[in-house]
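Asker:
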Amino acid sequence: MRPSGSRWTTRGCRLRIAQALLLCLLAWLPAAVLAAPPGPPPLRDYAIDAWSTRNGLLHNSVRDMAQTAEGYLWFATWEGVVRYNGVEFTPFHRGTRPGLRDNGVGALYLDPQRRLWLSDSRGNLGRLGADGAWEYLERPPEWPRALVHDMVMDGGGRLWLLFENHGLGCVQPDGRLEYIAPPPGIPLPASFPRMAVDASGNLWIGTLEGLVVRAVDGQWRRFGPADGLPAGLVWPYIAPDGTLWLAAGERVFRRRGDGRFAAVHVLPGAGYFTSMLQDREGYLWLGTENRGVARIGPHGQEWLPPERLTNGRIASLLEDAEGGIWIGANGGLFRLREALFTGWTRRDGLGGEYVRALLEDSAGTLWVGGGGGLDRLGADGRFHPVPLPGGNAPVPSILSLAEGREGDLWVGTFADGVFRLRQGRLLQHYGQAEGVPSGHVRAIAVDGDGRAWVGTRRGVVVVDDAGVLPPPPVPGMPQGLVTALAAIDGELWIGSVEGASVLRADGTVEKLPLERAGGDPRTVFGFHKVGGAVWVASDRGLFRIRDGRPARVGLEQGLPVDAVFSLLADTAGDAWITSNRGVLRVPLAALEAAADGAGSGRLPLQHYTEIDGLPSSQGNGSSSPAAIRRRDGSIWLATAAGAASVDPERLARYADRPAPPPVIEAVSVDGQALDWRATTALPGGSRLAVTYAGLSYLLPERIRYRTRLHGLDGGWVERGTRRDVEFIGLPPGQYTLEVQAAHPGGAWSPQAARWSFQVRPLWWQRSDVRIGGALLALLLLYGLYRYRVHSYQASNRRLAQLVDARTADLKAQAQRLQEIDRERAGLLEQLREQAEGYARQAREDALTGLPNRRQFEETLARDLALARRGAHPLCLALLDIDHFKRINDTRSHSVGDQVLREFGQLLHGQRRGSDLVARLGGEEFALLMPDTRLEEALPACERLQARTRAHRPWAGLEDLEVSFSLGLVELRPGEDAEDLYRRADAALYRAKREGRDRLQLG
């Protein structure tokens, strides 16, 4: 027995030593994370924005990209080139003015003088002029009429052109054009569209048969296996630091100081590389033929798989002036940008993306619960499911989490009671049989004695080692649905649909008088202690409880939302607030001032949404904890599309952005476009409109603008996010318009965009005309005076009688004419109103303003004929508001009418320009989508359902929920309008039969 006991003692000691080492490691990890050097985040944390022909691109294959000195981005496609200002694309092709000679653009190149060059599929070479027009060089006779698929300029100012299936072109500094045919043994006809010039002037050219170089002296050399390079596709890339990189197969080579090449990176399974970029941080980006994009840097080899971009070739890579990475692919244009928030979804192992609760336990383990069950974040950076057997469902829906005094994990569910886990394993399940009321467990709090207080739909119950106990029989304990619990300073704070209460240490229950602070709160979502106060999150904003007195911060005090779910304070003195419309970051001092009544009505807050990396702007309330701050300082949030995390330490990197450079884009006078670069004088009395933009591509929708017109304005005029300004009837004089731009909360651009012009006077405003007119008026007055004196002396009485008679007659005639004119104007107005009314009644629904069934049928017949004639796709969706009769019966017909109006407005706001939204009758609507395939129409209809579910309020009623069923079909060959409508109607019927609020394909 003794030896066995000794072995047990030794094993136990080893176990305790291992546990101690593990705890030390866990304690060290947050500090190591905080001490990590600043820099770009992992590739998975980047936000991806995408554009295609539906957003303004001329073609989905983006061959090349460039950014000019003023900040515009240019994208080359097979249908022309487009210029992008962050908001809209401006196309240039054969049909525009200024236009191109050929639509098939081969390459774009920005030379050292920051001039933009363009080549095309017919061997044309153009340069963008200062006036915005393309200036083309005339081709010599020997110049091939072939695609120029790359360009580069050497240190001597010579521009080299690489022709597809031909040789080289050269533009000398004096403008002479030369053609260099492929020399024997050099595979230039098999060139790959990548060429580079090194610091010595050597021209490196990639081909499908190896690497070739043209030396400064004109000598050619071919590299191959003897030089350590493969014999197949090899192409060069010169990085901004002068490093020469080579892409060959699945390997990346770098030229060493001795001139030889060394393989420095191997990416198994990458296939062929098609593009390369070294960014300002030194990271190496690699585009592939069909495997997506790879990045090599301090985070190792990272991959952006093709399904997140496109399954085709990555043709080009570009880093813009703000550090954004642009990807030109066969399937569209993509942009990677650093986002403040990191999203955690199914791709990271979560069982479901509707997350309700998060918890970091005392060992540093992160637990996430939601509609997909319970998950735990592993050391591999992925979430792993934790089974919870014993409930009614195979995977219970989790609503709440809490940690017990001994490290036990308490898990509250939607309909399966409470689970208790110890070291990740199920210890006990408490259901109805054990005394937990059926239904929702939205909150759990563990007190200092280790007892778990469980919030149910029928008040609070207590669970300890002895089992489930009823709450203490104290007057005032909430008896309805409990939505929040918190053990604070030995007291239990209880939130419910009845408000907020506190179970004091002496056993009494005190209801908090939140309504005294205003807002009429009904539901409490959480309690958060910050300093010496407790902040209460509710459906009417935040309430601060200090010394028993409530103070409110809501819409009236500057919050942009009504319902808030959680408040967390970071180490920098900011509060992070979750809501259904994004995350708010507010300085705690500003919240305190607003609660004290010292605020200005405008809180200095930052509002974050999906564009900042959130999986969804919709946070989750009535579950807990819906937001936590981990030991490493990061903030984790529950959203309707996954978990989100943010490191406040990254705020400086995220927010420290230079102001957008402003540009003036267009000017019009009286509605006519003006060549403002060449025009400095404008006619007087005209209407002047100026359009401008701030060339930033991070958050262009949030850029703020201000203008100042020297000669009129005394100071800067704030324009918000508006990108145009208009002046009407400017007085004659000299003017200079200045435009500045700024990011939200950032500084204004140091250099303003300026345009100076002169407004010419009207003829009657000229000084010589005014002087001559004044002299003439004086002469006339003097002559009139002499005449009147003479006439008065001769026949004063006769003239007076005649004037009186004539005056009376003129007054009578004028009065009759005015009456006739009023009658005629009234009659014309009646006729016009009747005509407009008849026209509207014929094709417009009177209630919603949408097209009616007649116009829908006419448009369907027209689009059907066009689809047949041009073999174009066409989709039809029929929508029916669910339980609309119940709304009329229970809410009144006026509410039903308002719901129809708002639903019609929502449909009309979500449609594309070519789509038709019509009301067919009652609660039935139609959405006709020409030139749209089923796989394109389906996500559009799903977004429409999501917007309808998220819309609040309906008809001014917060508790009114509206949904719709939808049947979606695509036109089949040989199908007529009746058959198409019948299939869509059948699909709609199936959607309603299978439970409503769903989409059914037909």
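All residue numbers for the sequence shown refer to the numbering used here, where the first residue is 3 and numbers rise by one. Where a beta carbon is used, it is the ideal one built from N, C-alpha and C, also for glycine.
Output the boundary residues of the beta strand (DSSP E) element that contains R129.
Answerer: As a working mapping, residue 129 is identified with position 127 in the sequence shown. Start and end: L127 to L130.
Asker: Fully enclosed by the segment 483–527, which beta strand (DSSP E) runs are 3 residues long or longer?
Answerer: 484–490, 493–498, 501–505 and 511–513
Asker: The beta strand (DSSP E) with L930 in it runs from where to where?
Answerer: Counted from its first residue, the sequence shown places residue 930 at position 928. Note, L930: beta strand (DSSP E), E926 to P932.
Asker: Classify Q559 as buried or exposed, calling it buried when 16 or more other Cβ atoms lie within 10 Å of its own Cβ.
Answerer: Locating residue 559 in the sequence shown gives position 557, counting from the first residue. Buried, since its Cβ has 16 or more Cβ neighbours within 10 Å.
Asker: With H, G and I counted as helix, E and B as strand and the rest as coil, what does DSSP make of F886?
Answerer: On the sequence shown, position 884 is the one that residue 886 refers to. The answer is helix: DSSP assigns F886 an H, G or I state.
Asker: Tell me the DSSP bridge mates of I400?
Answerer: For the purposes of this step, residue 400 is taken as residue 398 along the sequence shown, with counting starting at 1. T415, per the DSSP bridge assignment.
Asker: Are the segment 290–298 and the segment 308–316 touching, with three or more C-beta to C-beta distances below 8 Å?
Answerer: Yes: at least three Cβ pairs fall under 8 Å.
Asker: Whole alpha helix (DSSP H) runs in the segment 224–279 with 4 or more residues, listed along the chain?
Answerer: none
Asker: With C-beta atoms as the reference, is L876 less than 9 Å away from D865?
Answerer: Translated into positions along the sequence shown, residue 876 becomes position 874. Translated into positions along the sequence shown, residue 865 becomes position 863. Yes.
Asker: Comparing C-alpha positions only, which one of K513, L516, V456 and P475 sits nearest to A488?
Answerer: Counted from its first residue, the sequence shown places residue 488 at position 486. Minimum Cα distance to A488 is reached at V456.
Asker: Please state the DSSP three-state secondary structure of P191.
Answerer: Translated into positions along the sequence shown, residue 191 becomes position 189. In the structure shown, P191 sits in a helix (DSSP, three-state: H, G or I).
Asker: Throw me the rounded Cβ distance for the L342 and R652 pair, which I believe falls under 8 Å.
Answerer: Within the sequence shown, the letter at position 340 stands for residue 342. Within the sequence shown, the letter at position 650 stands for residue 652. Sure, about 7 Å apart at Cβ, within 8 Å.
Asker: Let me check you understand the geometry: is the CB of E972 closer than 8 Å to at least one non-hydrogen atom of the ligand ZN?
Answerer: With respect to small molecules bound, the structure shown includes none, and the ligand ZN cannot be examined in it.
Asker: With three or more C-beta pairs closer than 8 Å as the rule, is the segment 934–944 touching the segment 848–861?
Answerer: no
Asker: Could you give the first and the last residue of the continuous beta strand (DSSP E) run that contains R756?
Answerer: For the purposes of this step, residue 756 is identified with residue 754 of the sequence shown, where counting begins at 1. Looking at the DSSP string, the run of the beta strand (DSSP E) that includes R756 is A755 to V761.
Asker: Of the residues R216, Y181 and G203, which one's Cα is nearest the Cα of I188?
Answerer: Here the question's residue 188 lines up with position 186 in the sequence shown. Scanning R216, Y181 and G203 for the CA closest to the CA of I188 turns up R216.
Asker: For R262, I'd like the list of residues in its chain whose CB is within less than 8 Å of its CB, leaving aside the five on either flank, ordered along the chain.
Answerer: In the sequence shown, counting from the first residue as 1, residue 262 sits at position 260. D229 and G230, listed in sequence order.
Asker: Check this for me: beta carbons of N105 and E137, under 9 Å apart or not?
Answerer: Within the sequence shown, residue 105 is the residue found at index 103, counting from 1. Within the sequence shown, residue 137 is the residue found at index 135, counting from 1. No, the pair does not count as a contact, with Cβ atoms beyond the cut-off.
Asker: Note down, in chain order, each residue of its chain lying with its Cβ closer than 8 Å to the Cβ of W76, except the 5 sequence neighbours on either side.
Answerer: Within the sequence shown, numbered from 1, the residue matching residue 76 stands at position 74. Cβ within range, chain order: M67, A68, Q69, T70, V83, V84, R85, Y86, L110 and L118.
Asker: Express the C-alpha separation of H885 and A993 in angstroms, rounding to a whole number.
Answerer: As a working mapping, residue 993 is identified with position 991 in the sequence shown. As a working mapping, residue 885 is identified with position 883 in the sequence shown. Roughly 13 Å separates the two Cα atoms.
Asker: Express the C-alpha separation of S625 and E340 in angstroms, rounding to a whole number.
Answerer: Residue numbering aside, residue 340 sits at position 338 when the sequence shown is read from its first letter. Residue numbering aside, residue 625 sits at position 623 when the sequence shown is read from its first letter. Straight-line Cα distance between these residues: approximately 30 Å.
Asker: Quick check on W1: buried or exposed, where buried means 16 or more other Cβ atoms within 10 Å of its Cβ?
Answerer: Nothing about residue 1 can be reported from this structure: the residues present for the chain run from 3 to 1004 only.
Asker: Alpha carbon to alpha carbon, how far is Y991 from P515?
Answerer: Indexing the sequence shown from 1 puts residue 991 at position 989. Indexing the sequence shown from 1 puts residue 515 at position 513. Answer to the nearest angstrom: the Cα atoms are 50 Å apart.
Asker: Between which residues of its own chain and H267 is the CB-CB distance below 6 Å, once the five residues before and five after are set aside?
Answerer: For the purposes of this step, residue 267 is taken as the residue at position 265 of the sequence shown. For H267, where only same-chain residues beyond five positions count, the Cβ hits under 6 Å are V254 and I298.
Asker: Taking Cβ positions, are Q481 and R460 nearer each other than 9 Å?
Answerer: Counted from its first residue, the sequence shown places residue 481 at position 479. Counted from its first residue, the sequence shown places residue 460 at position 458. Yes; because the gap between Cβ atoms is below 9 Å, this pair is in contact.
Asker: For the segment 353–382, list the beta strand (DSSP E) runs that are entirely contained and at least 3 residues long, ordered along the chain.
Answerer: DSSP runs (the beta strand (DSSP E)) wholly in the segment 353–382: 357–362, 368–372 and 375–379.
Asker: In three-state DSSP terms, what is H910?
Answerer: Start at 1 with the first residue of the sequence shown, and residue 910 comes out as number 908. Residue state, collapsed to three classes: helix.
Asker: What's the gap between the Cα of E960 and the Cα of F527?
Answerer: As a first step, residue 960 must be located in the sequence shown, where it is residue number 958. As a first step, residue 527 must be located in the sequence shown, where it is residue number 525. Distance between the alpha carbons of E960 and F527 is about 17 Å.
Asker: Taking only runs that begin and end inside the segment 734–804, name each unbroken beta strand (DSSP E) of 3 or more residues, in chain order.
Answerer: Entirely contained in the segment 734–804, the beta strand (DSSP E) runs reaching 3 residues are, in chain order, 735–744 and 755–761.
Asker: Please go through the same chain and pick out, in chain order, the residues whose beta-carbon is closer than 8 Å to the beta-carbon of T209, but skip the five residues on each side of it.
Answerer: In the sequence shown, counting from the first residue as 1, residue 209 sits at position 207. If we look at T209 and ignore the five residues flanking it on each side, its Cβ neighbours are P189, L190, A192, S193, F194, L235, V236 and W237.
Asker: If you run the structure through DSSP and keep just helix, strand and coil, what is D987?
Answerer: The sequence position of residue 987 within the sequence shown is 985, counting from 1. Residue state, collapsed to three classes: helix.
Asker: With a 10 Å radius around its C-beta and 16 neighbouring C-beta atoms as the bar for buried, classify G157 as buried or exposed.
Answerer: Residue numbering aside, residue 157 sits at position 155 when the sequence shown is read from its first letter. When all chains shown are included, G157 counts as exposed.
Asker: What is the residue span of the alpha helix (DSSP H) that P864 lies within?
Answerer: Position 862 of the sequence shown, counting from 1, holds the residue named residue 864. Before going on, a small fix: residue 864 reads as Arg here, not Pro. Counting along the chain, the alpha helix (DSSP H) containing R864 begins and ends at R855 to G872.
Asker: Grab the span of the beta strand (DSSP E) containing L940 for me, first residue to last.
Answerer: The residue labelled residue 940 in the question sits at position 938 within the sequence shown. DSSP places L940 outside any beta strand (DSSP E); the residue lies instead in the alpha helix (DSSP H), whose first and last residues are L936 to A952.
Asker: Consult DSSP for T892 and reduce its assignment to one of helix, strand or coil.
Answerer: As a first step, residue 892 is located in the sequence shown; it is residue number 890 there, counting from the start. Three-state DSSP puts T892 in a helix.
Asker: Let me know if Q742 comes out buried or exposed under the rule of 16 or more other beta-carbons within 10 Å of its beta-carbon.
Answerer: By one-based count along the sequence shown, residue 742 stands at place 740. It counts as buried.
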